[in-house]
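**Q**
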Amino acid sequence: MEAHPANLPAPTASRAGLRLPGIGTGVGGGMVMLYLSIIVLLPLAAVASEAFSLGLGHFWEQVTSPLAKKSLELTVVCSLIVVVLNGIFGTILAWLLVRDEFPGKSLINAVIDLPFALPTIVASLVLLTLYGNDSPLGIHLASTRAAVVVALMFVTLPFVVRAVQPLLLEMDREMEAAAASLGASNFTIFRRIIFPNLLPGLGAGVALAFARALGEFGSVLLFAGGLPDTTVTSVFIRNQVESNNLVGASAVSMVLLVASLLLLGCVSLIQRWAVRHDRSSSEFIPTLTKDVSGHGGGA
Amino acid sequence: MSANPASRWGLRFLGLGYLTLLLLIPLVMIFYKTFEDGISPPLDAVTSPDGLHALKLSLIMVAIAVPLNTIFGIGCALLLVRHKSRLNPVIDAVINLPFAVSPVVIGLSLFLLYGVGGWFAFISEEGLKILFAVPGMVLASIFVSLPFVVRETVPVLQEIGTDQEQAASTLGANGWQTFWKVTLPSIRWGVAYGVVLTTARVLGEFGAVTIVSGSISGQTQTLPLFVEKQYQNFNQTGAYGASLVLALLALVTLFGMNLLKRKEDA
Chain R
2 MEAHPANLPA PTASRAGLRL PGIGTGVGGG MVMLYLSIIV LLPLAAVASE AFSLGLGHFW
62 EQVTSPLAKK SLELTVVCSL IVVVLNGIFG TILAWLLVRD EFPGKSLINA VIDLPFALPT
122 IVASLVLLTL YGNDSPLGIH LASTRAAVVV ALMFVTLPFV VRAVQPLLLE MDREMEAAAA
182 SLGASNFTIF RRIIFPNLLP GLGAGVALAF ARALGEFGSV LLFAGGLPDT TVTSVFIRNQ
242 VESNNLVGAS AVSMVLLVAS LLLLGCVSLI QRWAVRHDRS SSEFIPTLTK DVSGHGGGA
Chain U
26 MSANPASRWG LRFLGLGYLT LLLLIPLVMI FYKTFEDGIS PPLDAVTSPD GLHALKLSLI
86 MVAIAVPLNT IFGIGCALLL VRHKSRLNPV IDAVINLPFA VSPVVIGLSL FLLYGVGGWF
146 AFISEEGLKI LFAVPGMVLA SIFVSLPFVV RETVPVLQEI GTDQEQAAST LGANGWQTFW
206 KVTLPSIRWG VAYGVVLTTA RVLGEFGAVT IVSGSISGQT QTLPLFVEKQ YQNFNQTGAY
266 GASLVLALLA LVTLFGMNLL KRKEDA
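Taken in order, these protein sequences are the chains called R and U.
Here the first sequence is numbered in my numbering, starting from 2 and rising by one per residue.
Here the second sequence is numbered in my numbering, starting from 26 and rising by one per residue.
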């Protein structure tokens, strides 16, 4: 391609004489791809290959077998309930951590990440003690679908809080002040100004939480158990491995895998959209008119 | 928005009540249940030969998986940020896969790859046992904890820019000198944050390891597997003793995360 000098792309770091180990030689890229292939890609390819090893018909038979279907339905329904609940409570918690002052706030802020740090099997054990048959609180949930929901609520709690929190921190409070001075109620301010601004973070957090909930295993295991009514998909897959139905386990795994990939795709779309959105907001006046008229209908 | 007192208290009640029921009471409960019958039953369980072996095995997982993923993570982040290539979006997507895949599916994938009839079955046939042995558990630990260092290092690398690295190169530093003296010191807190997350994930991993290890007491049991086995054997205090060790490590992790966040912001 003959390009006019002015049309050439801006020099990237490596072209401008930057020297870093493995950069620009192709060795670094090769090693990264090798590591990823051995650790991640080949194992997952083995699952895909096993899932379709007896043909498409058999794959479909496995995925739509009554027990597989039941576990998939249970997992999806519980995950949906969980992300709605954590979407609401996560936003409230983020708001408390950013806009409110109360004693012990920094401690609460640190504890939010506990589900990321605490092993899932420990979470399952302690939830079982707390809300199981010997519950000191008198709440008996063990081996019910409610237990699945509670376990998933525990492990996915940080996602929404941590996705919404930075957006609340950065949010321009002048807009809210302007709306309030124009007589908008708190609810209107939340609905028309705060909520639309939080939406990218909320969407990304909910999608990540959903992906995590779909595949969750350890926290559900002891608390919800493996009764026919409480067998989530990951427990179902484990059971199939133990009864040596590797094709069935792989087929259902592929369904989970594709669902999670779609969700992660959503997250990166949301993030790209948010970046574009953010760029436009550097011009103050167009953003203000856009936000007010765009989300407000005929204000 | 300045909420009126009533709605402010309402939100506090909802948010903090939710957090208390879901996180705080369970956390306190671990401590309470462990020492319910005194200090010796949980201590005996953790210091039993199987308990100590589980602890040792968990530490071996950390000792192998964390350094490997740290070196890979830094290298991969450098490549993604400092070297524009058509492969980058592919690498970026693959890095995220371990977050998207269920731990059980990860376990299954290794089971299929290294098991009888798998593509890498020849390794076991040559005498190096992968499944139901430490190598398989290490592979599972590496898989599940792969993204953390990359994910934490990439934004820091983007933020620091290339000015100092360019200056070092202009002054005649070679690649490694630039890396050790300029790049690494600027990204160290981001990397450390990733290392903390990686360690916590490796220590706590249950689903993937349980599939590939067979959870044989005193042989292929990490601490989380030990917790489950103790519970299955109706030894609650034993399960709680090991849980407490893991919970304390989780608290150290939280403390480390907070410390590093502050260092990063400073």
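For each residue, glycine too, the CB sits at the ideal point set by N, CA and C.
1. Expressed to the nearest angstrom, what Euclidean distance is found between the alpha-carbon atoms of V112(R) and A178(R)?
2. Quick one: give me the first and last residue of the alpha helix (DSSP H) that W214(U) is part of.
3. Return no unless some Cβ of chain U is closer than 7 Å to the Cβ of R20(R).
4. Could you pull the start and end residues of the alpha helix (DSSP H) that S238(U) belongs to?
5. Take A14(R) and list the residues in its own chain whose beta-carbon comes closer than 7 Å to its own, dropping the five residues that flank it on each side.
6. Give me the Cα-Cα distance between V227(U) and L248(U), rounded to the nearest whole angstrom.
7. Would E175(R) pass as an interface residue toward chain C - the criterion being a Cβ-Cβ separation below 7 Å?
8. Could you pull out every residue in the same chain whose Cβ sits closer than 6 Å to the Cβ of L168(R), ignoring the five residues on either side in sequence?
9. Counting along the chain, where does the alpha helix (DSSP H) carrying I109(R) start and finish?
10. Can you list, in chain order, the residues of its chain with a C-beta nearer than 7 Å to that of V220(U)? Leave out the 5 residues immediately preceding and following it.
11. Can a CB atom of chain U be found closer than 7 Å to the CB of G299(R)?
12. Compile a chain-ordered list of the residues in the region 23 to 37 of chain R whose CB is closer than 8 Å to at least one CB of chain U.
13. Does the structure place the region 230 to 239 of chain R close enough to the region 213 to 220 of chain R that three or more beta carbon pairs sit under 8 Å?
14. Work out the CA separation of G229(U) and A118(R) for me, nearest whole Å.
15. How about V237(U) and L112(U): are their beta carbons less than 7 Å apart?
16. Counting only runs of 4+ residues fully inside the region 67 to 121 of chain R, write out the alpha helix (DSSP H) ranges in chain order.
17. Any beta carbon from chain R within less than 7 Å of Y218(U)'s own beta carbon?
18. Which residue marks the beginning of the alpha helix (DSSP H) containing K254(U), and which one marks its end?
19. Distance check for W96(R) and A118(U), CA to CA, integer angstroms please.
20. For S261(R), collect the residues of the same chain with a Cβ closer than 8 Å to its Cβ; drop the 5 residues on either side in sequence, then sort them by chain order.
21. Looking at the secondary structure, which residues open and close the alpha helix (DSSP H) in which F211(R) lies?
22. Tell me, please, whether the CB atom of E51(R) is closer than 7 Å to any CB atom in chain U?
23. Taking buried to mean at least 16 other C-beta atoms within 10 Å of its own C-beta, is N87(R) buried or exposed?
24. Using only alpha-carbon positions, find the residue among W274(R), S186(R), M172(R), T145(R) that is nearest to T76(R).
25. How would you label F97(U), buried or exposed, when you count the other beta carbons within 10 angstroms and need 16 or more for buried?
26. Just the Cα atoms here: how many angstroms apart are L68(R) and G139(R)?
27. Could you give the first and the last residue of the continuous alpha helix (DSSP H) run that contains Q189(U)?
28. With 7 Å as the C-beta to C-beta threshold (strictly closer), list the residues of the region 248 to 263 of chain U near chain R in chain order.
29. Check this for me: beta carbons of T178(U) and L21(R), under 7 Å apart or not?
30. Please list, in chain order, all residues of the same chain as F136(U) whose beta carbon is under 7 Å from its beta carbon, the five residues on each side excluded.
31. What residue from D188(U), W214(U), I120(U) has the CA that sits closest to K288(U)'s CA?
32. Should V83(R) and V150(R) be called a contact, given that it needs their Cβ atoms to be closer than 7 Å?
33. Using a C-beta cutoff of 7 Å, does H108(U) count as contacting chain R?
34. Using CA coordinates, which residue listed in L68(U), G100(U), S194(U), P128(U) is at the minimum distance from Y36(R)?
35. Under the three-state reduction of DSSP, which class applies to G299(R): helix, strand or coil?
36. Among N283(U), A264(U), R176(U), Q246(U), which has the Cα closest to the Cα of F60(U)?
**A** Working from what's here:
1. Whole-angstrom Cα-Cα distance: 32 Å.
2. Taken as a continuous stretch (DSSP letters only), the alpha helix (DSSP H) holding W214(U) covers 209 to 229.
3. Residue-level contact by beta carbon holds for R20(R) and chain U, with a gap shorter than 7 Å.
4. Counted as a single uninterrupted DSSP element, the alpha helix (DSSP H) harbouring S238(U) occupies residues 232 to 238.
5. With a pLDDT of 46 at A14(R), under the threshold of 50, the predicted position of this residue should be treated as unreliable, and no value is reported.
6. So the alpha carbons of these two residues sit roughly 11 Å apart.
7. Annotation note: the requested chain C is absent from the structure, which comprises protein chains R and U.
8. Result list for L168(R): L199, G202, in chain order.
9. Counting along the chain, the unbroken alpha helix (DSSP H) around I109(R) starts and ends at 106 to 112.
10. The beta carbon of V220(U) sits closer than 7 Å to the beta carbons of V91, T95, V174 from its chain, once the five residues preceding and following it are set aside; these are given in chain order.
11. In this predicted model, G299(R) has a pLDDT of only 30, less than 50, meaning its place in the structure is not dependable enough to derive any value.
12. Taking 8 Å as the Cβ-Cβ cut-off against chain U, the residues of the region 23 to 37 of chain R that qualify are G23, I24, G25, G29, G30, M32, V33, M34, Y36, L37.
13. Yes, they touch.
14. Straight-line Cα distance between these residues: approximately 8 Å.
15. No, the pair does not count as a contact, with Cβ atoms beyond the cut-off.
16. Listed in chain order, the alpha helix (DSSP H) elements of length 4 or more contained wholly in the region 67 to 121 of chain R are 67 to 100, 106 to 112, 115 to 118.
17. Residue contact check for Y218(U) against chain R: no CB pair falls below 7 Å.
18. That run of the alpha helix (DSSP H) goes 248 to 257.
19. When the Cα atoms are used, A118(U) and W96(R) turn out to be separated by approximately 31 Å.
20. The answer, listed in chain order, is A212, L215, G216.
21. Boundaries of the alpha helix (DSSP H) around F211(R): 196 to 216.
22. Yes, E51(R) counts as interfacial toward chain U.
23. When all chains shown are included, N87(R) counts as buried.
24. The closest CA to that of T76(R), considering only W274(R), S186(R), M172(R), T145(R), is found on T145(R).
25. Flag for F97(U) reads buried.
26. Annotation: L68(R) to G139(R) spans about 32 Å, alpha carbon to alpha carbon.
27. 188 to 195 is the span of the alpha helix (DSSP H), which, as asked, contains Q189(U).
28. Within the region 248 to 263 of chain U, the residues whose Cβ lies closer than 7 Å to some Cβ of chain R are P249, V252, E253, Y256, listed in chain order.
29. No; because the gap between Cβ atoms is not below 7 Å, this pair is not in contact.
30. Contacts found: L156, I236, V237.
31. Answer by Cα proximity: W214(U).
32. Taking the C-beta atoms as reference points, V150(R) is found nearer than 7 Å to V83(R).
33. Taking Cβ atoms only, chain R reaches closer than 7 Å to H108(U), which makes this a yes.
34. Comparing Cα-Cα distances from Y36(R) to each of L68(U), G100(U), S194(U), P128(U), the minimum goes to G100(U).
35. Low confidence applies to G299(R): its pLDDT is 30, below 50, so where it sits in the model is not reliable enough to give any reading.
36. Checked all of N283(U), A264(U), R176(U), Q246(U); the closest Cα to F60(U) is A264(U).
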